[in-house]
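Engineer: Counted the way the numbering used here counts, the sequence shown spans residues 4 to 419.
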Amino acid sequence: MRNNPYENFLKFMHKAASIMGLEPNEYLALEYPERELKVYIPLKMDDGRINVFEGYRVQHSTLRGPGKGGIRYHQNVEINDIRALAAMMTFKCAIVNIPYGGAKGGLTVNPRELSMGELERLTRKYTTAIMPFIGPEKDIPAPDVGSNSQVMDWIMDTYSANKGYPVYGVVTGKDIDVGGSLGRNEATGRGVTIIAIRTLQTLNQDIKGKRVAIQGMGNVGSITANFLHQSGAKIIAVSDVSGGIYSEKGIDIPDVLNYLDKGRNLLEGYKGDFVRITNSELLECDCDILIPAALENQITEKNADKIKAGIIIEAANGPTSEEADAILNSKNVLVVPDILANAGGVVVSYLEWVQNLQGLLWDEDEVNDRLRKIMSKAFDEVYQNAMEYKCNMRNGAYALALKRLLAAAQKRGVHA
Ligand code: GLU
């Protein structure tokens with residue numbers, strides 16, 4: 004049985020609640036999602052066969068605003084993944100203090116196995132299926148693993164066609180031509196880089212020359228690699244689903260990215276001066292900073308003890324199990340948690356939505372300045388909470404979010 008990511012989320016929340024001295028009654032409502040939708044989508048494939056795909060949209064909380072969170076296209080997606088990811092969005096949005104709750108959606112599908120036509124039809128049918136539950140003031144989807152701006156554009160178009168007028172604010176992460184924001188595509192990786200640099204500053208260290216290993220070369224991993232490389236870090240290992248590459252001298256990141264950008268290329272086809280490693284070897288390699296930027300549950304009680312990095316920046320959602328987190332803590336590894344480290348994506352989603360609702364078009368500097376301010380403030384507030392409760396950054400992050408969520412619950416009276 005695979006580790007249940009929702010259980011993992013609950014353990015992290017309970018840990019913070021106990022450090023804060025909260026009564027179970029105070030946070031009981033947050034243990035449950037507000038609403039869960041399951042849909043079955045019959046799709047005519049290009050060859051005429053019919054396949055039925057399973058999909059979800061979970062709204063964990065609308066305490067602080069409409070539901071917000073990505074849509075994941077992955078063959079292993081189950082309700083507990085989406086439930087956990089939705090709950091993490093609630094906490095993430097509270098940490099960066101943007102007026103959203105938390106939600107997540109997903110389809111159990113390997114998008115690499117679909118033609119573009121199949122992917123478009125599936126996305127449009129999924130949008131129609133979840134249509135009564137989403138909207139600019141209800142729940143606003145965005146990209147996640149396996150989906151991208153093209154998928155968001157189809158969602159916007161399908162929703163708008165049903166309404167009879169263009170509704171840009173129903174989804175974020177769209178292409179610039181259809182209401183997307185400058186800077187949104189790079190936002191998560193830019194945010195991870197801001198957080199990595201701030202973490203080092205807190206330790207009186209410099210990013211220059213730091214040896215970094217990054218698991219995952221999707222949107223988040225590849226853009227983080229690029230920004231960290233530009234900031235002077237030495238990226239010594241990267242990986243994707245096909246495996247990883249390692250070079251003590253440092254990997255030629257622009258060249259790797261150039262190769263991966265072409266079509267559906269994977270690292271296994273990339274040639275150069277490096278050693279091939281597996282994904283588990285990457286996690287355990289000798290580096291200063293480890294950045295898991297792929298899927299959940301990568302650092303577990305099986306490998307946590309073998310990790311050599313002194314700092315872990317969680318660019319993926321839920322990469323570390325609670326058992327592994329305790330081991331890393333006992334080894335004094337500084338873990339900057341997902342709900343802070345990867346919040347740059349939803350922050351610029353928020354900026355996109357604000358522009359859509361107001362009919363504004365900000366230039367990229369304006370977006371990036373706002374992102375930098377919001378991320379830096381969130382880092383400092385998480386750090387202050389970690390100091391206040393004498394705990395690690397993860398517990399500090401959960402504590403900050405709990406304070407904000409419970410304040411909203413108390414004022415609204417929703418627990419009455
Ligand atoms: N999927 C991203 C995340 O996990 C972005 C969500 C959003 O922009 O709404 O944070």
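Glycine residues also receive a C-beta, built at the ideal position from the N, C-alpha and C atoms.
#1: Between the beta-carbon of Arg67 and the beta-carbon of Gly108, is there less than 8 Å?
#2: With a CB to CB cut of under 6 Å and the five nearest residues on each side skipped, what residues in its chain are close to His63?
#3: According to DSSP, His77 sits in a beta bridge with which residue or residues?
#4: Cα separation between Phe56 and Ile44?
#5: Cα-Cα, which of Lys128, Ile85, Trp356, Val349 is closest to Ala164?
#6: Which residues bound the beta strand (DSSP E) around Leu403?
#7: In this structure, how does DSSP classify Ser150 when only helix, strand and coil are distinguished?
#8: Which residues mark the beginning and the end of the beta strand (DSSP E) in which Arg38 is found?
#9: Report buried or exposed for Ala410, applying the criterion of at least 16 other Cβ atoms within 10 angstroms of its Cβ.
#10: Find out if the Cβ-Cβ distance for the pair Val195, Ile316 is shorter than 8 Å.
#11: Taking the alpha-carbon positions, what's the Ser21 to Ile294 distance?
#12: Under a three-way DSSP split, which group does Glu384 fall into?
#13: Should Ser352 be counted as a contact of the ligand GLU given a C-beta to heavy atom distance under 7 Å?
#14: Could you tell me which residues DSSP puts in a beta bridge with Gln218?
#15: In three-state DSSP terms, what is Ser163?
#16: If we call anything under 8 Å between Cβ atoms a contact, is Gly221 one with Val339?
#17: In angstroms with no decimal places, state the Cα-to-Cα distance between Glu284 and Ala307.
#18: Taking the alpha helix (DSSP H) that Ser64 belongs to, which residues open and close that run?
#19: Who are the Cβ neighbours of Phe12 in its own chain at under 7 Å, not counting the five residues just before and after it?
#20: Please name the residue or residues paired with Lys237 in a DSSP beta bridge.
#21: If you follow the alpha helix (DSSP H) that Arg86 is part of, which residue opens it and which one closes it?
#22: Leaving out five residues on either side along the sequence, give the residues of the same chain with a beta carbon under 7 Å from the beta carbon of Lys47.
Structural biologist: In brief:
#1: No, Cβ-Cβ distance for Arg67 and Gly108 is not below 8 Å.
#2: Pro36, Ala89, Ala90, Thr93, Gly105
#3: Per DSSP, the beta-bridge partners of His77 are Thr111.
#4: 5 Å
#5: Lys128
#6: Per DSSP, Leu403 belongs to no beta strand (DSSP E); it is in the alpha helix (DSSP H), 396-415.
#7: Here Ser150 sits in coil by DSSP.
#8: 38-47
#9: exposed
#10: Closer than 8 Å, so yes.
#11: Rounded to the nearest whole angstrom, the CA to CA distance from Ser21 to Ile294 is 28 Å.
#12: Glu384: helix per DSSP, three-state reduction.
#13: yes
#14: Ser242, Pro295
#15: In the three-state reduction of the DSSP assignment, Ser163 falls in the helix class.
#16: no
#17: Each residue's Cα considered, the two are about 12 Å apart.
#18: Here Ser64 belongs to no alpha helix (DSSP H); instead the beta strand (DSSP E) covers 53-64.
#19: Ala87, Ala90, Met91
#20: Arg214
#21: 82-98
#22: Within the same chain, and ignoring the five residues on either side of Lys47 in sequence, the residues whose Cβ sits closer than 7 Å to its Cβ are Ile53.
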